[in-house]
Every structure is written in C-alpha cells, then in structure tokens.
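Structure, as structure tokens:
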Amino acid sequence: MVEISEIVDEESLLHWLIEHPKDASILIALRSALRSLPVFWAWIFASNLQEKDPLSLRVLRSALASAVFAASPENTSIKNRAFEASKEAGRFMIGGAFSRGDEGAVLALAAQHAGAARSAVCSAYSVFQDPTAEGDPFVIQVSAALTIRSFSEATALNVWKAVRFDCTVHKGGNGFAAPLWPMFQDPLHWLDLKKRLLEDSQVDWSFWVDWYDELMHGKVRSNSEWEMLKEIVLIDNEDWEQGPAHINPMIAEIVERYATKTQSSGSITPQELLTAALFDFSYDSLENVMRAIPMPDDWKHLDDEEALKRFLGDAEEVEDSLKTLSRALEAEGGALQGAGGVRTYLDEICSELARAEDKGTLRVGKLLEYGRFVEAAARRDDIEREFGVLHEPLNSISKDLQELIRSHFANTLARFAVLRELRMEDAADPWDVLRDFRILVDRVRSGDEGQLPALVREDVAVLDDVLDGIDRLTRDIDGAASDEAKDSLKRERDFQMAKVGATVQTYKDQAVQVSGKAADAADTTLKAVKRFDGLSDLARRIWDGVTGGGA
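Under my numbering, residues 1 to 551 are what the sequence shown spells out, in order.
Right under this line is the structure:
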C-alpha cells in the first residue's frame, strides 16, 4: 500500500489512486486543473485572439460546472451541465482558437506553457465522462495522473508536494475547504493576473475573479452559496453562448439576490445550530460536571490509530516551532507587550497535541480556536510592531497551523459554514448582544446556578477567549478606515458570536438531558423555536423553556 508521503511521481500516484475510491481521482484531477487556470487565463487575456473573451468564458464555465458537480455528484442536472460545458470548452480549445495562436503579444511564460495548461484542463475534465455512464475507474485514475504531468509541464514546478497535499485533503473529507496550494502559496502569480483582470475595461470579470480567489484560499461555502453556484451553472445554454457581456450581468444579479436574501433572513434553525458547535459534551458523573469532547464529524477520519499517528506526525514540526517561539517570548520577559497572551495560546496548542497523543482523542474545536487566536495575533499591526524580528516566526507558525487544520479537519470547517448565515440584526446594539452572550457563558460556567452540571473551567476558558476576541473585533469595527474593512470585521464578529451560541446551545441541551430536567420543560428549544432570526434573537432565546428565567 502506497502511503501519501511516498507519492513522488506518476507511478506512485497511480498506485495510490487505485487503492482509493473514484472520487479521489476526480478531486485530485480537478484541483490540478484549477491550479493551472492562471497560466491558461493569462495566455488568453494577453493574446490578440478575436475569440479570447468567449474562450475565457467557456473554460471558466467548464471549471465552475465541474467543481460544482464534484461537490454535488448526485445532482443529475449539474452532472449533465458539467459534461456539456467541458465538451464545449474542449471543442473550442482544440479547435481554431488555438490553431491560430498569436503569440506576439502573449506573456512569455504563459505562451510557453499554454498548450500544456490546456492539456491539464482537458485531462481533468475528461474524468467526468459521459453523464449516461459511470466511467471506468481505471480510466479516471490514469486521467488524473496525466493531469498532474500536464500541469507540471505547464508550470515547470515541482508539483508533488501539492499532490500529496491534495491526497491529505481528500482524506479530510472536503476538498473544497482547503487552499489550492499548500501554505497558501501563489507560484503562478495569480494576484498579478487578478489585478489585470479587474482593470479590464471591456469585460467585468469580478464574479470569476472572486470565485477563483475563494478557491485559492479554500473558502468554506455555506449551503446558500452552493445553491447560488448551482443556479449559475444551470443558466440556459442560450445565455451562455451569448458571451461574457451578456452572461456576467446575469450572474451578478443572481449573486446580488442571494446576498440580499442572506442579509435579510440571516436565520438558522436550532437543528442547524447543533451541528456547528465548537465541541460536543460528555457528562462526568463522578464530579457532576460536563466536559468538552470532539464532535463526531471532526473525528471520523481520525478514528484509527494510524490516522491519528499521521496527524500527529504532520503536527510534530509545527509543535517544535510553537515551543521554540514560546521559549523566545519567555526569554523576553515583560519587554514585549502582548507576548504573555500569545505564549498562552502557543502552549495550549502544544498541551492539546500532547493530550491527543496520550489519550488517543483530539478536541478539534479547541485546536481550531487556539489556532484562530494565534492567527488573529499575527495579523495585528501592534503585535507586528512590538514583536519585531519575532513577528516573522509568529506569522509562519500561523500559516503552518492553518495548513495543518485545513488538511486534516476540512469537515469541521465545513460544518461551521452554516453559521455565516446568522448575522447581527440592523437594530441591535453589538455591545448589548455581546453582554447577553457573556451572560450565557456565565450560566454555562455556573451550571445555571447549580441547576445543571457546570462545564469544567478549562473548557469555559475557550468560550471566554472567543468572547474577548469579539470584544476586540467590535472595537476594531469602530475604528475601521473603510466600509469594506468594517463589513469584513462585522462578518468575522458575527461568525464568532454564532459559534459561541452554537456551543452554548449544545451544552444546554445535553446538560438538561443528563440532569433529568428535560421532562420539566414542556417545550425544549428544538420544539419551541423554529428559527433564530439573528444573533440578538439567538442570545435572548437560546435558554427559553428550560430551567426557568431568561438570559
């Protein structure tokens, strides 16, 4: 059996693919093709081809349809459309547009590799086969391996680290919750191309630029966002055939409609909330307390000794860097403002990894939150100024943690995505809502003043830290220099509040059950509340109908 660490060429990759389901080949081929798009797109964009805009659209449509189909393989309509789009893109690429290549005005590097990039795209999309057939798994595996070869030729890069990353991502269970490149690299200069595309005065490429940018960064999409992409893929062929000047405004209308829908509804059901807690809970009957444990979905791909060993092996180098930086900050003593707080999170991550090795289980929600705290610290301007030369290792550790988490815990990131639909109501005062959430966490800390088993102190501390981060975000919003910056900070604030709410909801429901008080509550939250209509509504109603009294 070929291990992921042993994948170094086409032969070893093919052996690995043969040992895994067909969807692994599809994912790896698709991600390789998507990586090659900047090379291909740059070639088209810089050329003098008359058909360059329609050609760009055909390739992008095929990429989008294939990606949406890979995420929804059971959807026959999407499957048919992906096949049609890929077939049309292949006809256009293999046909006249490329036979008359005008390379005089083409970027040198892109022109040199455009043919191989086209081959990577065609090879990857061929794995989708005729929609009336299931496809020969071996043909799909070979096609995936050929895609890697074409991609390597297209970029002159050593792609095998990225391929191994893809294999690890597939093991994690959600290939769309991981960045296209390990360590968020940009070896094909997407950022430069992005700038040129957005400055194009002839065609508005903003949707496609945003979509690819989100792929590059491994954005976790909500259910609403996937529905939006499906609707775009299923736009009538007649509209697509009229070119980007016709179809792009139609796409913009769909995007705006979903954005307005999300902003106006911003609601979530209690059932959805329960899937998005930071962690699950178990009852310790000896001490009459609740303790945090991993959510089942977080742990399902680390449920054997070898899988845990692989994760801890990947984490070993990161752990060494964490310990080194912690010692360096300790040596500075009180000279660096903020060093104590950063050290706390570095040490907590190391403690969580040591606990995982000792107990054979990992509290993924905690690891994610500690990692987020380190990431937030690395982004702060005052920390960068204060830490000086120590800021670079902090920033590097932050990126390493992100890669580790995205590689192994894509499922966790995916289940959090639903929380992004829950927003602060326009009329709500964010400081009042934050106060209400602090009251909720105090009830968790006290076990609702002794009526329920309390959550242990070290687990409540995670919720306290999240709330402190929300406090900082709220202050940063007040001082943000632009509306765009404010909107970004507000989205992150709302997301973090929703995670606290989801976790309190999960604790409350389980603590009520183990305390035997469920029978005293005629209507539990799941029965009494159909939807939470915003964060203020969530904070007010999360404890309704349980032990008497509101938050």
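We treat Cβ as the ideally placed atom computed from N, Cα and C, and that holds for glycine.
- The beta carbon of Gly-365 sits closer than 6 Å to the beta carbons of Leu-278, Phe-279 from its chain, once the five residues preceding and following it are set aside; these are given in chain order.
- Checking the DSSP bridge columns, you'll see Ile-293 partnered with Asp-280.
- Taking the C-beta atoms as reference points, Glu-421 is found nearer than 7 Å to Ser-224.
- For the stretch 411-479, the full-length alpha helix (DSSP H) segments reaching 4 residues or more read 430-450, 457-479 along the chain.
- By alpha-carbon distance to Gln-510, the top candidate from Trp-240, Asp-284, Glu-11, Arg-164 is Asp-284.
- The Cβ neighbour count for Trp-208, taken over all protein chains shown within 10 Å, is at least 16; the residue is labelled buried.
- Exposed is the label assigned to Arg-379, since fewer than 16 other Cβ atoms lie within 10 Å of its Cβ.
- The alpha carbon of Ser-36 has as its nearest neighbour, out of Leu-188, His-170, Arg-438, the alpha carbon of Leu-188.
- By the CB criterion at 7 Å, Val-456 and Arg-445 fall outside the cutoff.
- When secondary structure is reduced to three states using DSSP, Phe-69 falls in the helix class.
- With 16 or more other CB atoms across the displayed protein chains lying within 10 angstroms of its CB, Asp-400 is buried.
- By a beta-carbon distance limit of 8 Å, Ile-7 contacts Arg-164. Their separation comes to about 5 Å.
- Cβ contact annotation for Ser-12 (same chain, cutoff 7 Å, sequence separation greater than five): Val-2, Glu-6, in chain order.
- As the crow flies, the alpha-carbon of Val-374 is around 43 Å from that of Asp-53.
- Residue Leu-329 holds the alpha-carbon nearest to the alpha-carbon of Gly-341 among Leu-329, Ala-85, Gln-402.
- Ranked by Cα distance from Trp-43, the first of Ser-56, Ser-32, Ile-397 is Ser-56.
- Runs of alpha helix (DSSP H) with 4 or more residues, each lying fully within the stretch 221-253, are found at 223-233, 237-240, listed in chain order.
- In chain order, Ser-536 place their CB closer than 6 Å to the CB of Ala-428, counting only its own chain and leaving out the 5 sequence neighbours on each side.
- Bounds of any alpha helix (DSSP H) do not take in Ala-178, whose DSSP letter is neither H nor E.
- Taking Asn-237 as the centre and dropping the five residues before and after it, the same chain places the C-beta of Glu-84 closer than 8 Å to its C-beta, in chain order.
- Setting aside the 5 residues that flank it on each side, Ala-276 is surrounded in the same chain by Arg-415, Phe-416, Val-418, Leu-419, Ala-502, each with a C-beta closer than 6 Å to its C-beta; the list follows chain order.
- A Cβ-Cβ contact shorter than 7 Å links Glu-357 with Leu-312.
- Ala-24 and Arg-406 have their C-alpha atoms roughly 17 Å apart.
- Taken through DSSP and simplified to helix, strand or coil, Phe-532 comes out as strand.
- By the CB criterion at 7 Å, Leu-215 and Val-68 fall outside the cutoff.
- Closest in C-alpha terms to Val-318, from the list Ser-396, Leu-273, Arg-385, comes Ser-396.
- Pairing Arg-438 with Arg-291, the inter-Cα distance amounts to about 19 Å.
- When DSSP assignments are scanned along the stretch 363-401, the uninterrupted stretches of alpha helix (DSSP H) that are 4 or more residues long and fall wholly within it turn out to be 364-379, 381-387.
- Annotated three-state conformation of Lys-219 is coil, per DSSP.
- Take the alpha-carbon of Arg-435 and the one of Asp-382: they are about 26 Å apart.
- Around the beta carbon of Thr-506, 16 or more other beta carbons lie within 10 angstroms, which makes this residue buried.
- Membership of Gln-505 in the alpha helix (DSSP H) is indicated by the continuous run 483-515.
- For a cut-off of 8 Å, the C-beta gap from Ser-77 to Leu-234 is around 6 Å, short enough to register as a contact.
- According to the DSSP assignment, Glu-11 belongs to the alpha helix (DSSP H) that extends over 10-18.
- Across the structure, Ser-222 and Cys-350 are spaced so that their CA atoms are roughly 31 Å apart.
- Assignment of Phe-83 by DSSP, reduced to helix, strand and coil, places it in the helix class.
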